[in-house]
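Residues in the sequence shown are numbered consecutively from 419, following our numbering.
From the three backbone atoms N, C-alpha and C, an ideal C-beta is built for every residue, glycine too.
Reading through the structure tokens given below for one structure.
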Amino acid sequence: PIWKAPARLEFAQLLLPTVDSSKTEKMINWISTQPRNTISNRSVLVLGGSGTAKTSSILMYSQKFDPAVMLLHRINFSSATQPHHFQAAIDSVCETKIRKGFGPKDGKKMTVFIDDFSMPEINTWGDQITLEIVRELMEDSYFYRLEKNERGTSKFIENLQYITAMGHPGGGRNDIPNRIKRQFFIFNMTLP
């Protein structure tokens, strides 16, 4: 596409589309707009080495959202990210619906972008417990409440879709369990 400079140009935040980033945006759009069924969860995992513009491509894609319909919530994982951090991040952008469920504010849809998806610590049994709560929310659209007086009851959350980015496993980077991999359409980005 033809690029137009924004009215207020901030060089440090400038994102220019390339052939690779445009292809990535198109693929993410195709996957995200598929009808939801047993095969498609409309979730994307972008895999690639450092400098392949994974995050930049996803942010350029999300800039095209109509804010009246779709919101973006960005979460960065680290080795210190625990399940309650992820749950609090989702809870902070959701509100009670007229029915019994929860969802993004004002009845909109939300894309949850999780960067550095493979970073949470692996425990003694080889699990990444933070990714297990992400998987639970993706598969079942709920997680359990943590508040003392409601602990253990389900909290259903609607209208979420997921885009994640991570580096290739190896060299100190974790791989993610197959239980969560199966939730995504995964594609690799190469250096420009």
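Skipping 5 residues on each side, what residues in its chain have a beta carbon closer than 7 Å to that of ILE449? ARG460, VAL462, PHE603
Tell me where the alpha helix (DSSP H) around MET478 begins and ends. In the DSSP assignment, MET478 falls within the unbroken alpha helix (DSSP H) covering 472-480.
Considering Cα atoms alone, identify which of ILE508, ILE540, ASP534, GLY589 is closest to LYS527. That would be ILE508, whose Cα lies nearest to the Cα of LYS527.
Cα separation between ILE532 and ALA471? In this structure, the alpha-carbon of ILE532 lies about 15 Å from that of ALA471.
Can you give the Cα-Cα distance for LEU555 and GLY466, rounded to whole angstroms? 25 Å
Around the C-beta of LYS573, are 16 or more other C-beta atoms found within 10 angstroms, so that it is buried, or is it exposed? Buried: at least 16 other Cβ atoms inside 10 Å.
How far does the beta strand (DSSP E) with PRO485 in it reach, from first residue to last? Segment: none, PRO485 is in no beta strand (DSSP E) and carries neither H nor E.
Determine whether the beta carbon atoms of ILE575 and PHE520 lie at a separation below 9 Å. Yes. Within cutoff.
In its own chain, which residues sit with a C-beta less than 6 Å from the C-beta of PRO501, not counting the 5 before and 5 after it? ILE547, THR548, ILE551
Helix, strand or coil, according to DSSP, for VAL462 in the structure here? strand
Please state whether the Cβ-Cβ distance between VAL464 and SER475 is less than 9 Å. Cβ distance < 9 Å, so VAL464 and SER475 count as in contact.
Would you report the Cα separation of GLN522 and THR442, rounded to the nearest angstrom? First, the amino acid is wrong: residue 522 is Pro here, not Gln. Rounded to whole angstroms, PRO522 to THR442 spans 26 Å at the Cα level.
Give the straight-line distance between the Cα atoms of GLY570 and GLU539, rounded to the nearest whole angstrom. 24 Å
Is any heavy atom of the ligand SAM found at a distance shorter than 8 Å from the C-beta of LYS566? Because no ligand of any kind appears in the structure shown, any question about the ligand SAM cannot be addressed here.
How big is the Cα-Cα spacing for LEU609 and PHE535? 20 Å
Please tell me whether LEU477 and THR529 are closer than 9 Å, where the distance is taken between their beta carbons. no
If you check the beta carbons only, do GLN505 and LEU578 fall under 9 Å apart? no
Residues sharing a beta bridge with PHE561, DSSP: The partner list for PHE561 (beta bridge, DSSP) reads LYS573.
Pick helix, strand or coil for VAL614, following the three-state DSSP scheme. The shown model of the chain, from 419 to 610, leaves out residue 614, and the question about it has no answer.
From this set, MET445, LEU427, THR473, PRO587, which residue's C-alpha is nearest ASN537's C-alpha? The residue asked about is misnamed: residue 537 is Met in this sequence, not Asn. Measuring from the Cα of MET537, the nearest candidate turns out to be PRO587.
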